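K.L.:
Protein chains in written order, with this note's numbering: chain A, 129 to 461; chain B, 129 to 461.
Number of protein chains: 2
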Amino acid sequence: MKKFINNPVNVVKEELEGIALAHPDLVQVYFGPNYIVRADAPVKGKVGLVSGGGSGHEPMHGGFVGRGMLDAACPGEVFTSPTPDQMLEAARMVNGGRGVLFIVKNYTGDVMNFEMAAELAAAEGIEVQSVLIDDDVAVEDSLYTAGRRGVGCTVLAEKMCGAAAEEGRSLDEVADICRKVNSWGRSMGMALTSCTVPHAGRPTFDLPEDEMEIGIGIHGEPGRTRMALKPADDIVEMLMEAILKDLPFKSGDEVLLFVNSMGGTPLVELYIAYRRAHQVAEKNGLKVRRNLVGPYITSLEMAGVSITLLKLDEELIHCWDAPVYTPGLRWGI
Amino acid sequence: MKKFINNPVNVVKEELEGIALAHPDLVQVYFGPNYIVRADAPVKGKVGLVSGGGSGHEPMHGGFVGRGMLDAACPGEVFTSPTPDQMLEAARMVNGGRGVLFIVKNYTGDVMNFEMAAELAAAEGIEVQSVLIDDDVAVEDSLYTAGRRGVGCTVLAEKMCGAAAEEGRSLDEVADICRKVNSWGRSMGMALTSCTVPHAGRPTFDLPEDEMEIGIGIHGEPGRTRMALKPADDIVEMLMEAILKDLPFKSGDEVLLFVNSMGGTPLVELYIAYRRAHQVAEKNGLKVRRNLVGPYITSLEMAGVSITLLKLDEELIHCWDAPVYTPGLRWGI
Chain A
129 MKKFINNPVN
139 VVKEELEGIA
149 LAHPDLVQVY
159 FGPNYIVRAD
169 APVKGKVGLV
179 SGGGSGHEPM
189 HGGFVGRGML
199 DAACPGEVFT
209 SPTPDQMLEA
219 ARMVNGGRGV
229 LFIVKNYTGD
239 VMNFEMAAEL
249 AAAEGIEVQS
259 VLIDDDVAVE
269 DSLYTAGRRG
279 VGCTVLAEKM
289 CGAAAEEGRS
299 LDEVADICRK
309 VNSWGRSMGM
319 ALTSCTVPHA
329 GRPTFDLPED
339 EMEIGIGIHG
349 EPGRTRMALK
359 PADDIVEMLM
369 EAILKDLPFK
379 SGDEVLLFVN
389 SMGGTPLVEL
399 YIAYRRAHQV
409 AEKNGLKVRR
419 NLVGPYITSL
429 EMAGVSITLL
439 KLDEELIHCW
449 DAPVYTPGLR
459 WGI
Chain B
129 MKKFINNPVN
139 VVKEELEGIA
149 LAHPDLVQVY
159 FGPNYIVRAD
169 APVKGKVGLV
179 SGGGSGHEPM
189 HGGFVGRGML
199 DAACPGEVFT
209 SPTPDQMLEA
219 ARMVNGGRGV
229 LFIVKNYTGD
239 VMNFEMAAEL
249 AAAEGIEVQS
259 VLIDDDVAVE
269 DSLYTAGRRG
279 VGCTVLAEKM
289 CGAAAEEGRS
299 LDEVADICRK
309 VNSWGRSMGM
319 ALTSCTVPHA
329 GRPTFDLPED
339 EMEIGIGIHG
349 EPGRTRMALK
359 PADDIVEMLM
369 EAILKDLPFK
379 SGDEVLLFVN
389 SMGGTPLVEL
399 YIAYRRAHQV
409 AEKNGLKVRR
419 NLVGPYITSL
429 EMAGVSITLL
439 KLDEELIHCW
449 DAPVYTPGLR
459 WGI
C-alpha cells in the first residue's frame with residue numbers, strides 16, 4: 129500500500145504539525161510529550177474532558193478537540209497507546225477547577241496508562257474520573273483487550289459529554305452521561321481490506337480478494353469470522369442483527385444510527401450502508417431520531433464500515449444537538 | 129477492488145435512497161429523473177443554485193445541498209454526466225423568482241447538457257445563467273474536456289455563491305462571485321492508486337506499486353506525468369509550484385488553502401500534505417486566511433490528494449464564513 133507520507137517515523141509528528149497549522153483558532157498542539165488542547169484551555173469552572181489512544185483513527189480523537197467536545201486528546205504513535213506523561217500533561221492543561229474526565233477506549237495499553245495518569249494527577253490534587261468505553265459486540269475478549277473493545281460509541285460519548293461539560297455540569301454528572309452512552313450503545317464493524325501501519329510497511333493482515341472479515345477491530349484485530357464477500361445489504365443485516373440482539377433494543381426505542389467508514393470506504397458506499405441500516409432499524413420498530421454518516425473513527429485506509437446504534441433519551445438528544453466546534457465535527461457555531 | 133455495494137447497476141439509486149433517509153431535514157430526493165433539492169425549495173426571492181455531474185465525487189454535489197450552499201444537485205451515474213431533464217426539473221424546483229445559476233464543471237458532457245437545460249428552462253421563462261469552472265492547471269485539454277477541467281474550485285464556488293444567494297443578492301451578482309472564484313482559484317491533483325467504477329469492475333487505469341500520477345483528473349483521466357513515488361513533501365511542492373506559477377499569486381496575497389483527499393487517502397496523510405502546502409504558501413509570501421482539509425471532491429476510493437489555492441478578498445472571506453447547513457459542510461447553524 130502506497131502512502132502519502134515522508135519518513136514513516138515522523139507520520140504522527142508531521143500530522144500534528146499539520147493540525148496545528150490548519151486549526152490555530154481551535155487547538156494548540158504540544159510536542160514532547162504530544163497532546164492537543166483546545167485553544168482557550170483551561171476553561172475555568174468547566175469539567176475538562178481528555179481522551180486519547182493510538183493515532184490512525186482520525187479524526188478521532190485530536191479532531192474532536194474544541195468547544196463542546198474534548199478539551200484535550202493524547203495521540204500515541206499509529207495504533208499504539210499514548211503514555212501516561214501525555215495524559216498527565218493534558219490533565220494539567222485542561223484542569224479548570226471542576227475536575228477532569230478521562231474517556232478511555234478499552235484496550236489494555238490505554239487502560240493501564242490512563243490509570244497511571246489518573247493516579248499521578250490525583251497526587252497533584254487534580255480530581256480525575258475515568259469511564260471505559262467497550263461497545264464492540266463482535267468478540268468478548270480480543271488481541272489487545274480483556275473484555276470488549278471500545279469503538280464507535282467513543283465518538284458519541286465525546287460529543288455528548290462535551291456538551292454536558294460545556295453547560296457547566298459537574299464531574300459526576302458528565303461521567304454519568306458517559307456511562308449512559310456506553311451502556312446504551314453497541315457497535316460492530318467489518319473490513320473489505322486490511323490497512324498498512326506506516327512503520328510496518330506491509331498490510332496488517334491478508335484478506336483474499338473474495339473475502340471479508342466480520343467483526344474486525346479498529347487496529348485490524350481479528351473479528352468473529354471470515355467469509356465470502358456478500359452484497360452490502362446482507363453485510364448490514366449481519367451487523368445490525370448482532371447489534372440489535374446484544375443490547376437488546378426494543379420496539380419503540382429512539383436511536384442514533386451512526387454509520388462509519390473505516391477510512392477507505394467512500395461516501396457513496398457509506399450511504400448504501402446507511403440506507404439498509406436505517407431500514408433494518410425501522411423494521412425492528414426503532415425510530416431513528418439522529419444519525420451520523422462519515423469517516424469519524426477510522427483505521428487508516430482500511431475499506432470497511434462499522435455501525436453504532438445508541439438508544440436515546442431527551443438528555444442525550446439535547447447533548448447531541450448542542451453546538452460543537454472542532455476540526456472534525458462542527459455545528460451550531 | 130472490493131466494494132461495499134449491492135448490484136452495481138443500483139449504486140447511485142441506493143446511495144440517493146440513503147441520503148434521503150439520512151437527511152430529510154435538509155434535502156428532498158427525487159427519482160426519475162434523479163435530483164436532490166433543499167427541503168424548503170423553492171425559496172422565494174432567492175437565486176436558485178444548481179450544480180451536478182457524475183456521481184463518485186461525494187460529498188460533491190449532493191452533499192452540498194442545503195441552506196447557504198446549493199439549492200439542487202443533479203447526480204449522473206458514476207463518472208457520467210447527468211441529463212438535461214434532471215437539470216431542467218431541478219431548475220423548475222428551485223426557481224424562486226430571482227433566476228437560477230448553473231455551476232458547471234468543465235467536462236464535455238456536463239457542459240453540453242447544462243447548455244441544453246438552460247435553453248429549455250429559458251423557453252419556460254426561467255432566467256438562467258451558467259458559469260463554467262475550469263481550475264485544474266494540470267493539462268490544457270484532456271480526455272473529457274476542451275480546455276481545463278473543473279475540480280476543487282467547484283466546492284469553494286458552491287459555498288461562496290450559496291452564501292451570496294442566501295443573502296438575497298441578484299443573479300448577476302451571484303454569477304460574478306462564481307466567476308471571481310473560478311478566475312482566482314487554481315488546483316492540481318495526484319493519485320497513488322486508481323479507482324474502480326462499480327459497473328466496470330476493474331481499475332480505471334494501472335499504476336505500478338512504485339509509481340504515482342501527477343495531475344490526475346477526478347475520473348482517473350491522465351495527468352501530466354507518471355513518475356516514481358516520492359515523499360509527501362516533494363509531491364506537495366510539485367503541486368504547489370504548478371499552482372503558484374499559473375495564477376500567478378503574488379507575495380502578500382491572502383488565500384484559502386484547500387487540501388482534498390481523492391477518497392482513499394486518510395486524514396492522517398492529508399494533514400501531512402496540508403502541513404507542507406501551508407509552509408510552501410507562506411514561504412511564497414501568501415497569508416493562509418482560511419482552509420479546508422478533508423475529502424470533499426473525491427474519485428471513489430482513489431488514493432491521492434489535490435490542492436486548491438484561492439486568492440481571497442473581503443467579499444470572498446465573508447461568503448466563506450457565512451453559515452452553511454448541508455450534509456457535507458456545516459457551520460454557523
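In this text, a Cβ means the ideal position worked out from N, Cα and C, and glycines have one as well. Please read these numbers as outputs of a predicted model, since none were measured by experiment.
(1) Distance cutoff 8 angstroms, beta carbons only. Does His446 of chain B sit that close to anything in chain A?
(2) Against chain A, which members of the segment 146-158 of chain B pass a CB distance test of less than 9 angstroms?
(3) Taking 8 angstroms as the limit between beta carbons, can you name the residues of its chain near Leu177 of chain B, skipping five residues before and five after?
(4) Counting only the same chain and skipping the five closest in sequence on each side, list residues whose C-beta sits under 8 angstroms from that of Arg354 of chain A.
(5) If you follow the beta strand (DSSP E) that Ala319 of chain A is in, where does it begin and where does it stop?
(6) Give the straight-line distance between the Cα atoms of Gly184 of chain A and Ser258 of chain B, rounded to the nearest whole angstrom.
(7) For the segment 147-159 of chain A against the segment 309-318 of chain A, do three or more pairs of beta-carbon atoms, one drawn from each stretch, fall closer than 8 angstroms, so that the two count as touching?
(8) Would you mind stating whether Ala360 of chain B and Ile425 of chain B have Cβ atoms separated by less than 8 angstroms?
(9) I want to see whether chain A comes within less than 8 angstroms of Asn162 of chain B, judged by CB atoms only; does it?
(10) For Ala370 of chain B and Glu382 of chain A, what's the separation of their Cα atoms in angstroms?
(11) Looking at C-alpha atoms only, which residue of B:Ile363, B:Gly225 and B:Glu268 is the closest neighbour of Lys174 of chain B?
(12) Is there a Cβ of chain A sitting closer than 8 angstroms to that of Asn388 of chain B, yes or no?
(13) Could you check the C-alpha separation between Met240 of chain A and Leu260 of chain A for me, to the nearest Å?
(14) For the segment 314-327 of chain A, which residues have a CB atom closer than 8 angstroms to at least one CB atom of chain B, in sequence order?
(15) Nearest-angstrom Cα distance between Ser389 of chain B and Phe207 of chain B?
(16) Span of the alpha helix (DSSP H) holding Gly204 of chain B?
(17) Given that a residue counts as buried once 16 or more other Cβ atoms are within 10 Å of its Cβ, and exposed if not, what is Leu216 of chain B?
(18) Look up Met355 of chain A in the DSSP assignment and give the residues it is bridged to.
(19) Could you run through the segment 404-432 of chain B and flag, in chain order, every residue whose CB is less than 7 angstroms away from some CB of chain A?
(20) Between Asn234 of chain B and the rest of its own chain, which residues show a CB-CB distance below 7 angstroms, the 5 nearest in sequence each way excluded?
(21) Tell me, please, whether the segment 447-454 of chain B touches the segment 342-352 of chain B by the rule of three or more beta-carbon pairs shorter than 8 angstroms.
(22) Between Trp459 of chain A and Ile147 of chain B, which are expected to be in contact by the criterion C-beta below 8 angstroms, what is the C-beta distance as a whole number of angstroms?
(23) Just to confirm, is the Cβ distance from Gly191 of chain A to Arg166 of chain A under 8 angstroms?
(24) Who are the Cβ neighbours of Val421 of chain A in its own chain at under 7 angstroms, not counting the five residues just before and after it?
(25) Residues of chain A with CB closer than 8 angstroms to the CB of Thr393 of chain B, please, in chain order.
(26) What whole-angstrom Cβ distance do Gly237 of chain B and Cys202 of chain B have, given they're in contact under 8 angstroms?
(27) Between Val107 of chain A and Glu365 of chain B, what straight-line distance do the alpha-carbon atoms span, to the nearest angstrom?
(28) Using only alpha-carbon positions, find the residue among A:Lys415, A:Leu372, A:Lys172 and A:Gly351 that is nearest to Val267 of chain A.
P.N.:
On the basis of the data shown:
(1) no
(2) Gly146, Ile147, Ala148, Leu149, Ala150 and His151
(3) Met197, Leu198, Asp199, Ala200, Val222, Val228, Leu229, Ile231, Glu286, Cys289, Gly290, Ala293 and Val302
(4) Leu335, Glu339, Met340, Glu341 and Ile342
(5) Gly313 to Ala319
(6) 42 angstroms
(7) no
(8) no
(9) no
(10) 52 angstroms
(11) B:Gly225
(12) no
(13) 11 angstroms
(14) Leu320 and Thr321
(15) 17 angstroms
(16) Run containing Gly204 of chain B: none in the alpha helix (DSSP H); it sits in the beta strand (DSSP E), Ala200 to Val206.
(17) buried
(18) A:Met340
(19) His406, Asn419, Val421, Thr426, Leu428, Glu429 and Ala431
(20) Leu260, Ile261, Asp262, Thr273, Gly275, Arg276, Arg277 and Gly278
(21) no
(22) Actually they are not in contact, since the Cβ atoms of Trp459 of chain A and Ile147 of chain B sit about 18 angstroms apart, beyond 8 angstroms.
(23) no
(24) Val387, Leu398, Tyr399 and Tyr402
(25) Phe132 and Glu429
(26) At roughly 12 angstroms, the Cβ-Cβ gap does not stay under 8 angstroms, so Gly237 of chain B and Cys202 of chain B are not in contact.
(27) This structure gives no information on residue 107 of chain A, because the portion of chain A shown stretches from 129 to 461.
(28) A:Gly351
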